[in-house]
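Throughout the sequence shown, residue numbering follows full-length UniProt numbering, covering 1 to 953 in sequence. Even for Gly, the Cβ is constructed at its ideal location relative to N, Cα and C.
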Amino acid sequence: MRQAEVEQVKKFQFFNQENIQDQRANGDPTAPTLNDIGISDGCGIGTKLFLSSQSKNLIYVYEANSIQGCFQPHNESFRVMKCTRESREGKLVTFGIDSENNQKSSFVKFWDPNTTDYQNMKPIKVILVNKVGQPLQNFNCFCIAKDLSAMAFGLQDGQILIFKAKSQNLMTMDFKDQVIQTDQEPIKSVHLSRQDQNLNLFCTTDSNIICFQNMQNRKKFSIPAGAQFDLTAKGTLIGCPKDDTSTIVEYSDTKKEATWNVDGDKIEVRFFKQNYLIMLISPRQDKEQVDQSVQLTIFDLLNNYIAYYKKFEKIQRFIPVGDYLYVITQNNRGEKNLIRLTEKENTHKIEIFFKNNYFDVMYRFASNQSSDKTLLAEISRLHGDHLYDQHDFQGAIKQYINTAGILEPSYVIGKFLDVSHVDFLIQYLAALHHEKQADKNHTALLLNCYVKQKQITKLEEFLKESSFDSDLFDIDTAIKECRQLGHIDLALRLAKSRQKNEAYLSILIETNKDQNNKEQNRQDCKSALMYIREEIQLDEKAQYLKEFGQQLMKAEPELCLEIIQNLVLLISMVQNLKKRIDSQKGIESISILTPEELKVWRYFNLSDEEIKKVFSITFGKPDEFLHLFVVNDEYLESYLKFLIENCKTLPNEKAIFHRYFEYHLEKYQLFYKDESKIGIRDTQLQSKEQGIMKLLENQENEKKYDKNHLLVLFKMYNFVPGIIFLLKKLQMREELLNFYISLKQNDQIINLCSEYGREETNLWIQALKYFAKPENGAENYIEKVLVLVSSLENLSPLLILNILSKNRNVNFKLVKNYFTNKISKDKKQIDDCQKVVKEKMKKATELRAEYKKLKTQAKVFQSTKCNCCDAILSLPSYHFLCGHSYHEHCIHTERACLLCPQDTQMFFKRKQEFIEASKETKPFKEKLYAAADKFDVICEYLGQGIISNQKAD
Numbered sequence: 001m002r003q004a005e006v007e008q009v010k011k012f013q014f015f016n017q018e019n020i021q022d023q024r025a026n027g028d029p030t031a032p033t034l035n036d037i038g039i040s041d042g043c044g045i046g047t048k049l050f051l052s053s054q055s056k057n058l059i060y061v062y063e064a065n066s067i068q069g070c071f072q073p074h075n076e077s078f079r080v081m082k083c084t085r086e087s088r089e090g091k092l093v094t095f096g097i098d099s100e101n102n103q104k105s106s107f108v109k110f111w112d113p114n115t116t117d118y119q120n121m122k123p124i125k126v127i128l129v130n131k132v133g134q135p136l137q138n139f140n141c142f143c144i145a146k147d148l149s150a151m152a153f154g155l156q157d158g159q160i161l162i163f164k165a166k167s168q169n170l171m172t173m174d175f176k177d178q179v180i181q182t183d184q185e186p187i188k189s190v191h192l193s194r195q196d197q198n199l200n201l202f203c204t205t206d207s208n209i210i211c212f213q214n215m216q217n218r219k220k221f222s223i224p225a226g227a228q229f230d231l232t233a234k235g236t237l238i239g240c241p242k243d244d245t246s247t248i249v250e251y252s253d254t255k256k257e258a259t260w261n262v263d264g265d266k267i268e269v270r271f272f273k274q275n276y277l278i279m280l281i282s283p284r285q286d287k288e289q290v291d292q293s294v295q296l297t298i299f300d301l302l303n304n305y306i307a308y309y310k311k312f313e314k315i316q317r318f319i320p321v322g323d324y325l326y327v328i329t330q331n332n333r334g335e336k337n338l339i340r341l342t343e344k345e346n347t348h349k350i351e352i353f354f355k356n357n358y359f360d361v362m363y364r365f366a367s368n369q370s371s372d373k374t375l376l377a378e379i380s381r382l383h384g385d386h387l388y389d390q391h392d393f394q395g396a397i398k399q400y401i402n403t404a405g406i407l408e409p410s411y412v413i414g415k416f417l418d419v420s421h422v423d424f425l426i427q428y429l430a431a432l433h434h435e436k437q438a439d440k441n442h443t444a445l446l447l448n449c450y451v452k453q454k455q456i457t458k459l460e461e462f463l464k465e466s467s468f469d470s471d472l473f474d475i476d477t478a479i480k481e482c483r484q485l486g487h488i489d490l491a492l493r494l495a496k497s498r499q500k501n502e503a504y505l506s507i508l509i510e511t512n513k514d515q516n517n518k519e520q521n522r523q524d525c526k527s528a529l530m531y532i533r534e535e536i537q538l539d540e541k542a543q544y545l546k547e548f549g550q551q552l553m554k555a556e557p558e559l560c561l562e563i564i565q566n567l568v569l570l571i572s573m574v575q576n577l578k579k580r581i582d583s584q585k586g587i588e589s590i591s592i593l594t595p596e597e598l599k600v601w602r603y604f605n606l607s608d609e610e611i612k613k614v615f616s617i618t619f620g621k622p623d624e625f626l627h628l629f630v631v632n633d634e635y636l637e638s639y640l641k642f643l644i645e646n647c648k649t650l651p652n653e654k655a656i657f658h659r660y661f662e663y664h665l666e667k668y669q670l671f672y673k674d675e676s677k678i679g680i681r682d683t684q685l686q687s688k689e690q691g692i693m694k695l696l697e698n699q700e701n702e703k704k705y706d707k708n709h710l711l712v713l714f715k716m717y718n719f720v721p722g723i724i725f726l727l728k729k730l731q732m733r734e735e736l737l738n739f740y741i742s743l744k745q746n747d748q749i750i751n752l753c754s755e756y757g758r759e760e761t762n763l764w765i766q767a768l769k770y771f772a773k774p775e776n777g778a779e780n781y782i783e784k785v786l787v788l789v790s791s792l793e794n795l796s797p798l799l800i801l802n803i804l805s806k807n808r809n810v811n812f813k814l815v816k817n818y819f820t821n822k823i824s825k826d827k828k829q830i831d832d833c834q835k836v837v838k839e840k841m842k843k844a845t846e847l848r849a850e851y852k853k854l855k856t857q858a859k860v861f862q863s864t865k866c867n868c869c870d871a872i873l874s875l876p877s878y879h880f881l882c883g884h885s886y887h888e889h890c891i892h893t894e895r896a897c898l899l900c901p902q903d904t905q906m907f908f909k910r911k912q913e914f915i916e917a918s919k920e921t922k923p924f925k926e927k928l929y930a931a932a933d934k935f936d937v938i939c940e941y942l943g944q945g946i947i948s949n950q951k952a953d
């Protein structure tokens, strides 16, 4: 309920006053003016004013600044006049007594206001009230509904006579009358109001206001009433009680709606437009001076201010018509004046409000005008600034709250950052969150303010009422601030309720990490592990284990290892399911799992429905958890051994094996106290060495690791047996030789060169260089090397001599036998070669002579018989260089002698072999690589014509 007493009612002049110059109609000097008639009542329709004069029993029509005419509504007496509407569609209604045939009767007459023939004015509808010859007695007041659906008469004896149309309105003949008895008090006013399709009847007496809801249900308001009431545009009753005429009261059909306080005794009240109440007020009388004037006041009910006020010597009548208010005044000389009041523009009103700092009135006015939110926010900002400058901070913050969502929050926040203004700042920030206009910075600031003011209860209520809706505030910031300020339990509840898993785990793990309470830290880490196991989504478990695993492994290693192992089993289970089931179809039911797989599934508290989406989850790899064991590597061996023994289908198996080798190598290296003792092995060292070599030599594991990767690891940890094994496996003999040389294992050097030196003579060269260096002290091995290399034909004695000459400590007697034997062998080989050369040269000479003879002398064939059929030769015949002759029909081929086929076929066969051999390079390369004297192989191929510049087919 609005109370005007709460704030002082402000006064304005929001109506323009226009004095209308009263004229005689059409310049006729006999036409009456306002000063010539006595005005009893008035109403208006459209542009016409209807002024009644009961003394003359006439109604005058005023239009265009003059009285246009008059007519007599009733021939006997005229009691009351009403206009149903102020628009042109309205009807003029009169009530009075007419005499006909010496019988007086009461009638209600309806008139067409648009008629201009006033002298022949005829009613368009006449309704008889009471019986013919029995005029209505005790009449006190009259009203008619605006839609003409009913009319009511208030009588002196407390009765109300009602005429109600049965169909549309009273303009038809179909209506009924009804009598309602009130409290036997004279009826002062009656009003018909239509609300929600119901026609309500208000009536007032000197002691009560009574409402008949839909003409039936009676509702009584027991207050002194009187006649100063009118209907509002929405159908409520408004006016002033009889005993308190300075108060304006509004009633609906069920209750009192609102009150206003306007000073002065009300003489008359009328409702105007949609929100104005027109009042004639007599001023408070002073004992020393009597004021006979009257004040016309227009009160804005909606905005609670006086929109117009002015004193007049006397007001005969005021008539609201449409947007205008006509006022008929009279001065002391009896002269009447017609004034027309017109409402000013809204922009003018706002300028006045602003100029006088009436921001509250301006805001209410703009809001009731359905103004833009931006304008309302600007008004509130100006009002807030004004109150802030006056140090009314509570009032200022209320106004700033109205700007939420429009005004930049930093504008307001900057004004209230002082410690003494924190409570006001809290109000504003809370309003920002309520309007969903806050960001994470505002949330942080509000939480800080709650804590600084020790308003923890409000803090929790704020978060609870907000239902942790991320649209209202930044939950991450809320958790962060609660954590920083020491409210750990609240931060945990926030994180868990909004499934902020990272924040929840971080709070649990890190809160007590740096404190001396190790047991509490262990319990917190255990809770964190159980949260990962049972609460976090399946596709996120590995992520948070990898993120917080080192701290968890340090505090609670057993449980952490257990969860990791089960997660790896789950990963392996999914890999197996993909092999057993079509991944596109997916898994329909958990029944497909084996008992072991089901045990793993239940371990993580997973629902049966989650199995359907397991194929869509991207799981991590087991080796991604290896870094977690850095802080507690004693559990690393258990994890690696578990992976190797229990998981047969690891997605990154080589990485697992490499780390397993590295773990054992790390332990192996711990047994060395310093570099000077490398190679000295005790019992434990030998045990570790045997374990590594057993794992390395296992044929089943050979495909599970990268030999080159392991070789690097072995070199890093100086694991000699593993290096030798892998170098042999990779056939890296030269590198193996260098490794033996670095270890000065002379016997191993000799063995390696003896085994592979014939194919790779460079091994002997490297070994000889090593033995020949004085600093190595291995001169006694030189003679043995020379004995072994003496059988190698492709190793140059000059190269050996050059290598040995660099060591001055090498005695000639060590190399004497080698070079003596080598020279003897070479001399023998030279002699054998010279012998072969002589034989070949001799044969070549003979062949050249025979070739020359064939080229220069004719071959005489003296045979007269065929060597095949032994018949006399006859032409055509064939003769071969071998001396045989044949008939044409006896020989089977033109290229081969029948008696010498082996020599001929051998020749052609070898020639074809040479041609084919020239196309294949692989045999040549293999023979060249295996031969001790590669120059001999090349010469052989050149001599056979295999190597030639043949064009490709």
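* Sequence-distant residues of the same chain with beta carbon closer than 6 Å to Gly235, five excluded per side -> The residue labelled residue 235 in the question sits at position 235 within the sequence shown. The answer, listed in chain order, is Ser193, Gln195.
* Asked: Do the CB positions of Gln17 and Ile339 come within less than 8 Å of each other?
  -> Here residue 17 corresponds to residue number 17 of the sequence shown, with the count starting at 1. Here residue 339 corresponds to residue number 339 of the sequence shown, with the count starting at 1. Result yes, Cβ atoms of Gln17 and Ile339 sit closer than 8 Å.
* To do: If I'm right that Tyr705 touches Lys654 with Cβ under 8 Å, what's the distance once you round it to whole angstroms?
  => Within the sequence shown, the letter at position 705 stands for residue 705. Within the sequence shown, the letter at position 654 stands for residue 654. That belief holds up - the Cβ atoms of Tyr705 and Lys654 are roughly 6 Å apart, short of 8 Å.
* **Same chain only: Cβ atoms within 6 Å of Lys311, ignoring 5 sequence neighbours per side** => Position 311 of the sequence shown, counted from the start, is the residue given in the question as residue 311. Ser293, Gln295.
* Asked: In chain order, which continuous runs of the beta strand (DSSP E) of length 3 or greater are located wholly inside the segment 149-234?
  -> 150-155, 159-165, 175-181, 189-195, 198-204, 209-213, 217-221, 229-231
* Among residues of its own chain, excluding the 5 on either side of Leu730, which ones have a beta-carbon nearer than 8 Å to its beta-carbon? -> What you label residue 730 is simply residue 730 of the sequence shown in a count that begins at 1. If we look at Leu730 and ignore the five residues flanking it on each side, its Cβ neighbours are Lys707, Asn708, Leu711.
* Considering only the beta carbon of each residue, do Leu170 and Leu155 sit closer than 8 Å? -> Taking the first residue of the sequence shown as position 1, residue 170 is located at position 170. Taking the first residue of the sequence shown as position 1, residue 155 is located at position 155. Not a contact, by the Cβ cut-off of 8 Å.
* Does DSSP put Arg758 in a helix, in a strand, or in coil? -> Sequence index remark: in the sequence shown, residue 758 carries index 758 (1-based). Residue state, collapsed to three classes: coil.
* To do: Can you tell me which of Arg483, Ser638, Gln427, Leu593 puts its alpha carbon nearest to the alpha carbon of Lys458?
  => Numbered from its first residue, the sequence shown carries residue 458 at position 458. Ranking Arg483, Ser638, Gln427, Leu593 by Cα distance to Lys458 puts Gln427 first.
* Asked: Nearest-angstrom Cα distance between Asp392 and Lys355?
  -> As a first step, residue 392 is located in the sequence shown; it is residue number 392 there, counting from the start. As a first step, residue 355 is located in the sequence shown; it is residue number 355 there, counting from the start. Taking the straight line joining both Cα atoms gives about 20 Å.
* Nearest-angstrom Cα distance between Ile938 and Glu926? -> Stepping through the sequence shown from its first residue, residue 938 is reached at position 938. Stepping through the sequence shown from its first residue, residue 926 is reached at position 926. About 12 Å.
* Asked: Val361 by DSSP, collapsed to three states: which one?
  -> By 1-based counting over the sequence shown, the position of residue 361 is 361. Helix at Val361.
* Selected residue, minimal CA-CA separation from Asn101, among His879, Ile406, Val132 -> What you label residue 101 is simply residue 101 of the sequence shown in a count that begins at 1. That would be Val132, whose Cα lies nearest to the Cα of Asn101.
* Taking 8 Å as the threshold, find out whether the segment 595-609 comes into contact with the segment 620-632 through three or more Cβ pairs. => no
* To do: Could you please give the first and the last residue of the uninterrupted alpha helix (DSSP H) stretch that includes Phe861?
  => Residue numbering aside, residue 861 sits at position 861 when the sequence shown is read from its first letter. Element bounds for Phe861: n/a, residue is neither H nor E.
* Can you list, in chain order, the residues of its chain whose CB lies under 7 Å from that of Leu593, leaving out five sequence neighbours each side? -> Taking the first residue of the sequence shown as 1, we reach residue 593 at position 593. Excluding sequence neighbours, Leu593 sits near Trp601.
* Beta-carbon separation of Leu529 and Leu569 under 8 Å? -> The residue given as residue 529 occupies position 529 in the sequence shown. The residue given as residue 569 occupies position 569 in the sequence shown. Result no, Cβ atoms of Leu529 and Leu569 do not sit closer than 8 Å.
* **Entirely enclosed beta strand (DSSP E) segments - the segment 314-394, minimum 3 residues** => Fully contained in the segment 314-394 are the following beta strand (DSSP E) runs of length 3 or more, in chain order: 315-321, 324-330, 336-343.
* Could you pull out every unbroken alpha helix (DSSP H) segment of at least 4 residues lying fully inside the segment 686-737, listed in chain order? => 707-716, 720-729
* **Limits of the alpha helix (DSSP H) - the one that Arg533 falls within** => The residue labelled residue 533 in the question sits at position 533 within the sequence shown. Run containing Arg533: 518-534, per the alpha helix (DSSP H) assignment.
* Measure the alpha-carbon distance for Glu435 versus Gly405 and round it to whole angstroms. => In the sequence shown, counting from the first residue as 1, residue 435 sits at position 435. In the sequence shown, counting from the first residue as 1, residue 405 sits at position 405. About 7 Å.
* Asked: Excluding five sequence neighbours on each side, which residues of the same chain lie with their C-beta closer than 8 Å to the C-beta of Asp674?
  -> Position 674 of the sequence shown holds residue 674. Confidence is the limiting factor: at Asp674 the pLDDT is only 43, short of 50, which leaves the residue's position unreliable, though a coordinate-based value still follows. Around Asp674: no qualifying Cβ.
* Environment of Thr204 [buried if 16+ CB atoms lie within 10 Å] -> As a first step, residue 204 is located in the sequence shown; it is residue number 204 there, counting from the start. Thr204 is buried by the Cβ-count criterion.
* To do: Check whether the Cβ atoms of Tyr118 and Gly69 lie closer than 8 Å to each other.
  => For the purposes of this step, residue 118 is taken as the residue at position 118 of the sequence shown. For the purposes of this step, residue 69 is taken as the residue at position 69 of the sequence shown. Cβ atoms of Tyr118 and Gly69: closer than 8 Å.
* Identified DSSP bridge partners for Gln17 -> For the purposes of this step, residue 17 is taken as residue 17 along the sequence shown, with counting starting at 1. Bridge partners of Gln17: Leu341.
* To do: Find the nearest neighbour of Asn576 within the set Glu596, Cys866, Pro557, Lys166, judged by alpha-carbon distance.
  => To locate residue 576, count along the sequence shown from 1; it is residue 576. It is Glu596 whose Cα lies nearest to the Cα of Asn576.
* Euclidean distance between Cα positions of Leu726 and Leu752 -> Against the sequence shown, residue 726 aligns to sequence position 726. Against the sequence shown, residue 752 aligns to sequence position 752. Distance between the alpha carbons of Leu726 and Leu752: 15 Å.
* To do: Determine the DSSP secondary structure at Lys10, reduced to helix, strand or coil.
  => Counting from 1 along the sequence shown, the entry for residue 10 is found at position 10. If DSSP states are grouped into helix, strand and coil, Lys10 belongs with the strands.
* Does the ligand ZN have a heavy atom nearer than 7 Å to the CB of Ser410? -> In the structure on display, the ligand ZN does not appear, and there are no ligands present to speak of.
* **Residue span of the beta strand (DSSP E) that contains Glu268, given as start and end** => Reading the sequence shown from its first residue, position 268 is the one you call residue 268. Looking at the DSSP string, the run of the beta strand (DSSP E) that includes Glu268 is 265-272.
* State the start and end residues of the unbroken beta strand (DSSP E) segment that holds Arg602. => Position 602 of the sequence shown, counted from the first residue, corresponds to residue 602. Boundaries around Arg602 are those of the alpha helix (DSSP H), 595-603, since no beta strand (DSSP E) includes it.
* Run through DSSP, which three-state label would Thr94 get? -> Translated into the one-based positions of the sequence shown, residue 94 becomes position 94. For Thr94, the three-state secondary structure derived from DSSP is strand.
* Can Leu376 and Tyr363 be called in contact, C-beta distance under 8 Å? -> Here residue 376 corresponds to residue number 376 of the sequence shown, with the count starting at 1. Here residue 363 corresponds to residue number 363 of the sequence shown, with the count starting at 1. It is a contact, given that the beta carbons lie within the stated cut-off.
* **Distance between beta carbons of Ile352 and Phe12, contact taken as under 8 Å** => For this step, residue 12 is matched to residue 12 along the sequence shown. For this step, residue 352 is matched to residue 352 along the sequence shown. With 8 Å as the limit, Phe12 and Ile352 qualify as a contact, their Cβ atoms being about 6 Å apart.
* **Cα-Cα separation, His664 to Lys546** => Against the sequence shown, residue 664 aligns to sequence position 664. Against the sequence shown, residue 546 aligns to sequence position 546. The straight-line gap from Cα to Cα measures roughly 24 Å.
* Asked: When the Cα atoms are used, what is the spatial distance from Val836 to Ile830?
  -> Translated into positions along the sequence shown, residue 836 becomes position 836. Translated into positions along the sequence shown, residue 830 becomes position 830. Using only the alpha carbons, I get a separation of about 10 Å.
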